[in-house]
Amino acid sequence: MSLIYPLDGLSAYPKHLSPDYKSTVKRSPTKPLILAPHTLSELTGPVYGHDAIQENDHDLTKQGKGEPLGERIIVHGYVLDEDKRPVPDSLVEIWQANACGRYVHIVDQHPAPLDPNFTGAGRTVTDKNGYYKFITVKPGAYPWGNHYNAWRPNHIHFSVFGHSFLSRLVTQMYFPGDYLFPFDPIFNSVPDPKDRERMISTFDLENTVPDWALCFRFDIVLRGREQTPPDLD
Amino acid sequence: MSVLTPSQTVGPFYAYGLTPKGRAHWDPDGTYSWKETVGSNLVTPDVVGDRIRIEGGIYDGDGEPIPDAMLEIWQADGNGRYSNEPGSRRLPNTAFKGHGRSACDKDGIFQFDTVKPGQVPGPDGKMQAPHIVVAIFARGMLRQVYTRIYFDGEAANATDPVLNLVPAERRSTLLAKKQGDVWRWDVHMQGDKETVFFQV
């Protein structure tokens, strides 16, 4: 497949320097980026097949001796390119806080309990239709030190590989209607409010499993499209 | 109008999911229980090329280490073949993936064991100098930065189409330098030694 990677779509990404998110101030480039051609090195990228994952890697509720506490949820969707075509065989990795808003990471020491049955890491590979699915628990909100009384909205971190090294995306999936959105400088680092909406999953009643789990739908659109745009009908 | 899903920071807590082994900084055992999919050792028994180790540190605008940075590299094998490129140049019958991921330790030090890449074609069909493409993720980075590692002393550097886009006085930020058994390559996010980052 021969794709091109126009720069204009990157308008949806945050700027490297976004001063309301204080950690960007010392960690973002200060000199202009140098515009470089897309050579074979940029137009290729790693492919991880199904040998990269093991059974139940996608089910974060089955990694402990018992079930984790919290609201069980299904998170599913499609990985797509800029023409909205599926990206098959794409490695999708996630990590998240537990239902109390605590990560197992040793640096997270905020006073919320760890859950012995929940680590919060999962991975899967998209199928031929670009489809992926995780089963997990809804992550809690948690405090952070960016500013006074700062709390992150509930979110799940996503890491996705696409057709090339330019498609590589790390993002966060949010939940609909979060009351913390107006106060979160990471969510609001995306300049256009319309673009922010694409980071918010939608509640999916149709795929909610009765008596078992709520479902959220999150489609992920990566860089890359055909040289000639497909005919619009 | 963009249709892309916006990028967001990898944050400070990715290690147990993305880099659970090796330099999974700060954990008393040095590792988390999760299985590793993408590691910092790219070498496979069948890979073509000279074995090399790349080591460096990553530093913020105050010159302080960035211990929670994650670097990913993408490269060709010793014969200049990418593992999944289309067409006849496709790397045949080896397990070499060409992709690696390293976390950093408390001092911001990362490390890759790999092979020195061969030359691959540039935009005009002329060969590029041996290089490795790098994407860097960290808390405080809302999107990855892209850069490249070249190798000091390589004759082909003089005519490399990408390196020649860089003002001469900044090119050294992209050059790994041989120090004993390792190729040393540091990343400075800001300052006089600010690494060259590319818009790609």
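Chains as they are written, first to last, in the numbering used here: chain A, 7 to 239; chain B, 18 to 217. Every residue, glycine too, gets a C-beta built ideally from N, C-alpha and C. Quick caveat: nothing in here was measured; it's all calculated off a predicted structure.
From this set, the options, which residue's C-alpha is nearest residue i's C-alpha?
i: residue 167(A); options: 232(A), 38(A), 16(A), 51(A); result: 51(A)
i: residue 180(A); options: 206(A), 200(A), 190(A); result: 206(A)
i: residue 76(B); options: 86(B), 67(B), 69(B); result: 86(B)
i: residue 72(A); options: 123(A), 113(A), 112(A); result: 123(A)
i: residue 216(B); options: 48(A), 221(A), 97(A); result: 48(A)
i: residue 35(A); options: 193(B), 29(B), 158(B), 197(B); result: 158(B)
i: residue 251(A); options: 31(A), 78(A), 234(A); result: Residue 251(A) lies beyond the stretch modelled for chain A, which goes from 7 to 239, so this question has no answer here.
i: residue 206(B); options: 29(A), 142(A), 162(A), 133(A); result: 29(A)
i: residue 127(B); options: 213(B), 58(B), 114(B), 211(B); result: 58(B)
i: residue 49(B); options: 184(A), 135(A), 218(A), 101(A); result: 101(A)
i: residue 184(B); options: 211(B), 99(B), 199(B); result: 211(B)
i: residue 28(B); options: 155(A), 177(A), 13(A), 233(A); result: 177(A)
i: residue 155(A); options: 162(A), 32(A), 172(A), 186(A); result: 186(A)
i: residue 54(B); options: 115(B), 37(B), 61(B), 62(B); result: 37(B)
Once you ignore the five residues that flank residue i on each side, which residues in its own chain have a CB closer than 8 angstroms to its CB?
i: residue 169(A); result: 7, 9, 51, 87, 93, 228, 230
i: residue 140(B); result: 178
Would you mind telling me which residues of chain A sit closer than 9 angstroms to residue i, beta carbon to beta carbon, in chain order?
i: residue 123(B); result: Chain A residues near residue 123(B): none, gap ~11 angstroms exceeds 9 angstroms.
i: residue 179(B); result: 40, 42, 43, 45, 47
i: residue 167(B); result: Those within 9 angstroms of residue 167(B) in chain A number zero; the least Cβ separation is about 12 angstroms.
i: residue 101(B); result: 50, 51, 52, 53
I'd like the list of long-range same chain contacts for residue i, defined as Cβ closer than 7 angstroms, with 5 residues on each side in sequence excluded.
i: residue 152(B); result: 89, 161, 163
i: residue 180(B); result: 146, 167, 174, 188, 191
i: residue 27(A); result: 152, 191, 192, 195
i: residue 42(B); result: Any reading at residue 42(B) must be qualified, since the residue scores a pLDDT of 49, below 50, and its modelled position is unreliable; the value itself is stated next. The residues are 32, 84, 120, 121, 122, 123.
i: residue 225(A); result: 83, 84, 86
i: residue 116(A); result: 108, 148, 149
i: residue 112(A); result: none
i: residue 126(A); result: 66, 101, 102, 103, 104, 109, 110
Assign residue i to one of three DSSP states: helix, strand, or coil.
i: residue 28(A); result: helix
i: residue 20(A); result: coil
i: residue 58(B); result: strand
i: residue 139(B); result: coil
i: residue 120(A); result: coil
i: residue 48(A); result: helix
i: residue 165(A); result: strand
i: residue 24(B); result: coil
i: residue 191(B); result: helix
i: residue 200(A); result: helix
i: residue 144(B); result: strand
i: residue 57(A); result: helix
i: residue 112(B); result: coil
i: residue 210(B); result: coil
i: residue 119(B); result: strand
i: residue 93(B); result: coil
i: residue 53(B); result: coil
i: residue 188(A); result: helix
i: residue 95(A); result: coil
i: residue 186(B); result: helix
i: residue 30(B); result: coil
i: residue 73(B); result: strand
i: residue 209(A); result: strand
i: residue 36(A); result: coil
i: residue 128(A); result: strand
I want to verify the contact list: residues of chain A whose CB lies under 7 angstroms from the CB of residue i, in sequence order.
i: residue 31(B); result: 101, 163
i: residue 26(B); result: 192
i: residue 170(B); result: Those within 7 angstroms of residue 170(B) in chain A number zero; the least Cβ separation is about 20 angstroms.
So which residues of chain B does residue i contact, with C-beta pairs closer than 9 angstroms?
i: residue 54(A); result: 54, 55, 114, 116
i: residue 171(A); result: 89, 91, 116, 150, 152, 163, 217
i: residue 27(A); result: 26, 157, 159
i: residue 143(A); result: Neighbours of residue 143(A) on chain B: none; closest Cβ ~15 angstroms, over 9 angstroms.
Show which residues of chain A have a CB atom less than 8 angstroms away from the CB atom of residue i.
i: residue 271(B); result: Since the first residue shown for chain B is 18 and the last is 217, residue 271(B) is missing from the structure and cannot be characterised.
i: residue 211(B); result: 35, 36, 37
i: residue 95(B); result: Correct list: empty, because the minimum Cβ distance to chain A is about 15 angstroms.
Anything in chain B within Cβ reach of residue i, meaning under 7 angstroms, just list it in chain order.
i: residue 227(A); result: 20, 21, 22
i: residue 58(A); result: 54
i: residue 178(A); result: 25
i: residue 196(A); result: 23
i: residue 175(A); result: 22, 24
Could you name the residues of chain B that residue i contacts, counting a contact when the two beta carbons are closer than 8 angstroms?
i: residue 88(A); result: 20, 21
i: residue 30(A); result: 157, 158, 159
What residues in its chain sit with their C-beta under 6 angstroms from that of residue i, if we drop five residues either side in the sequence?
i: residue 75(A); result: 105, 121
i: residue 66(B); result: 94, 95, 132, 133
i: residue 138(A); result: 98, 130, 132
*asked:* For the segment 121 to 137 of chain A, list every residue whose C-beta sits within 8 angstroms of some C-beta in chain B, in sequence order.
replied: 125, 126, 127, 128, 129
*Where the segment 199 to 223 of chain A meets chain B: residues whose CB sits under 9 angstroms from a CB there*: 200, 201, 202, 204, 205
*Got a sec: which bits of the segment 188 to 207 of chain B sit with their beta carbon under 9 angstroms from any beta carbon on chain A, in order along the chain?*
206, 207
*Any residues in the segment 126 to 145 of chain B with a beta carbon nearer than 7 angstroms to a beta carbon of chain A? Which ones, in chain order?*
137, 138, 139, 140, 145
*Residues of the segment 54 to 85 of chain B with Cβ closer than 7 angstroms to any Cβ of chain A, in chain order*: 54, 77, 78, 79, 83
_Against chain B: residues of the segment 8 to 22 of chain A by CB proximity under 9 angstroms_ = 8, 11, 13, 14, 15, 16, 17, 18, 19, 20, 21, 22
_Residues within the segment 90 to 116 of chain A neighbouring chain B, beta-carbon criterion of under 9 angstroms_ = 90, 97, 99, 100, 101, 102, 103, 109, 110, 111, 112, 113, 114
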